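Take the sequence shown: its letters are residues -26 to -1, 1 to 214, numbered as in mature numbering (1 follows the signal peptide of the UniProt record, and there is no 0).
All remarks here apply to the structure that follows.
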Amino acid sequence: MGSTPVRVALATGVTCCLSLVAVATARGNDDTPRTVEPLAEALADRAAIADERASRSLDRDAAPARILPPSPTAKPTPTPTAVRKAPKKPVKPRRPRPVAGLDQAQMDNAKVIVDVGVEMKMPRRALVVALATAMQESNLYNLASDVLPESAEYPNQGSGSDHDSVGLFQQRPSSGWGTVAQLMRPSYAARAFYSALNEIPGWQDMSVTGAAQAVQISAYPDAYAQHEDRATTVAAALTA
C-alpha cells in the first residue's frame, strides 16, 4: 500500500516528459529540426527501472509475517504428599542379666528394689541393705501368704506361712506396713522399706545386718550378714 503514491508520481513524471518531447517535436516543425528520440528512450528506461524497484518494495511489504509458536507454559510443580510414618512400637525394657547366682525372676525383683532406691536418691549402702534384707526374708521372690488367701489373688512367685507376712520383705499388714494389695507390689514394698530405713537415726553408720534388723525387727538379727557380699555384687551390676 505504501508504494502506490510512488507509482503515481513516476507516471506523472513520465507523462510530463513525453509532453515535453511532443512539444519539442512540434517546435521542430516550426524551427530548426532536432533529434529527440534518444531523450525519450532514456526517460522510458528510467521509468521502467523505477517501476521495477517499486514492485520489489511492494513484494517485500506484502511478505507474510512469520508467526512464532507460543512459548511453552511452565507446569506447576506438584506438592509432594507427606508420607505418614508408621508409629514405632514401644520397646520393652531389657531385662537385667542375672548375677551372683540369681535366676531371672530374682534379678528382676532386685532391679525393682534398686530402681526405687535410686528414684528416692538413697545412697548405695541403702541399696545393699535392702537387697540383703529381701534375700533373707523371701529369697528375692514375691511371696503370698497361706494365712492370707487374699494375697494369692495378686501376682506372686510362691507363698509362705510366717504369720501374715507377704511380699519381698515379708511385711505384715497387721503391723501397719500397708494393705495386702499394696505389699504384694514389689515397688510399693521397696518404697516402704526405704522410708522406714530413713527414719532410723544413724543407719548409715550401722553394719548392713544392723540396719536391716533395725527396720525388720526379726527373730534372727544376724541372718542378714550372710547376704552382704551378694547384695553388693547385685547393686553394683544394676547401677553400672
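Note that beta-carbon positions come from the ideal geometry of N, C-alpha and C, so glycine has one too.
If you're wondering where the values come from, they're calculated on a predicted model, not measured in any experiment.
- Message: Does Ser169 pass the burial test, meaning 16 or more other C-beta atoms within 10 Å, or should it be called exposed?
- Response: By the 10 Å Cβ count, Ser169 comes out exposed.
- Task: Output the boundary residues of the alpha helix (DSSP H) element that contains Gln187.
- Result: It spans 182 to 190 - the alpha helix (DSSP H) in which Gln187 sits, taken as one unbroken run.
- Query: Is Ala186 closer than 7 Å to Tyr194 when the C-beta atoms are compared?
  - Reply: Annotated as distal: Tyr194 and Ala186, with beta-carbon spacing of 7 Å or more.
- Residues near residue 215 by beta carbon distance below 7 Å, same chain, minus five either side: An answer regarding residue 215 cannot be provided, because it is not within the stretch -26 to 214 covered by the chain.
- Can you tell me which of the three DSSP states Gly91 falls into? Here Gly91 sits in helix by DSSP.
- Message: So, with DSSP's three-state summary, where would you put Leu122?
- Response: The DSSP-derived three-state label of Leu122 is strand.
- Can you list, in chain order, the residues of its chain whose CB lies under 8 Å from that of Pro160, leaving out five sequence neighbours each side? Once the five neighbours on either side are set aside, the close Cβ partners of Pro160 are Asn83, Val86, Ile87, Asn116, Gly141, Leu142.
- For the alpha helix (DSSP H) containing Thr107, list its first residue and its last residue. Thr107 -> alpha helix (DSSP H) spans 98 to 112.
- Using alpha carbons as the reference points, say which of Arg69, Ala108, Glu173 lies closest to Leu212. Here the closest residue by C-alpha is Arg69.
- Query: Can the beta-carbon of Gln131 be found closer than 7 Å to that of Ala164?
  - Reply: Result no, Cβ atoms of Gln131 and Ala164 do not sit closer than 7 Å.
- Message: Can you tell me whether Gly91 is buried or exposed? The criterion is at least 16 other CB atoms within 10 Å of its CB, across all chains shown.
- Response: Note on Gly91: 16 or more other CB atoms within 10 angstroms of its CB, so buried under the neighbour-count rule.
- Look at the alpha carbon of Ser135 and the alpha carbon of Ser149, and state the distance between them as a whole number of angstroms. The alpha-carbon atoms of Ser135 and Ser149 are separated by roughly 16 Å.
- Skipping 5 residues on each side, what residues in its chain have a beta carbon closer than 7 Å to that of Ala166? In the same chain as Ala166, and ignoring 5 residues on each side of it, the C-beta atoms closer than 7 Å to its own belong to Gln145, Trp151, Gly152, in chain order.
- Can you tell me where the alpha helix (DSSP H) with Leu142 in it begins and where it stops? Where Leu142 is concerned, there is no enclosing alpha helix (DSSP H), given that its DSSP letter is neither H nor E.
- Message: Please report the distance separating the alpha-carbon of Pro64 from that of Pro129.
- Response: Pro129 has its alpha-carbon roughly 23 Å from the corresponding atom of Pro64.
- Item | Which of helix, strand or coil DSSP assigns to Ser161 | In the structure shown, Ser161 sits in a helix (DSSP, three-state: H, G or I).
- Message: Considering only DSSP beta bridges, list what Gly152 is partnered with.
- Response: Note: Gly152 sits in no beta bridge, so no partner.
- Message: Let me check understanding here. Comparing Cα to Cα, which of Leu114, Tyr162, Val182 lies closest to Glu93?
- Response: Checked all of Leu114, Tyr162, Val182; the closest Cα to Glu93 is Tyr162.
- Measure from the alpha carbon of Ser125 to the alpha carbon of each residue in Ser192, Asn113, Thr55, Ser139, then state which is nearest. Closest option to Ser125, Cα to Cα, is Ser139.
- Message: Could you pull the DSSP bridge partners for Ser133 from this structure?
- Response: Paired residue(s): Ala118.
- From the DSSP output, in three-state form, read off Lys85 for me. Helix, per DSSP.
- Task: Rounded to whole angstroms, what's the CA-CA distance from Ala118 to Leu157? Just pull it up for me.
- Result: Going from the Cα of Ala118 to the Cα of Leu157 covers about 10 Å.
- Helix, strand or coil at Arg204 [DSSP, three-state]: Helix.
- Query: Taking all protein chains shown into account, do 16 or more other C-beta atoms lie within 10 angstroms of the C-beta of Pro71, making it buried, or fewer, making it exposed?
  - Reply: Rather than Pro, the amino acid found at residue 71 in this sequence is Arg. Under this definition Arg71 is an exposed residue.
- Within this structure, are the beta carbons of Ala205 and Ala60 separated by less than 7 Å? By the CB criterion at 7 Å, Ala205 and Ala60 fall outside the cutoff.
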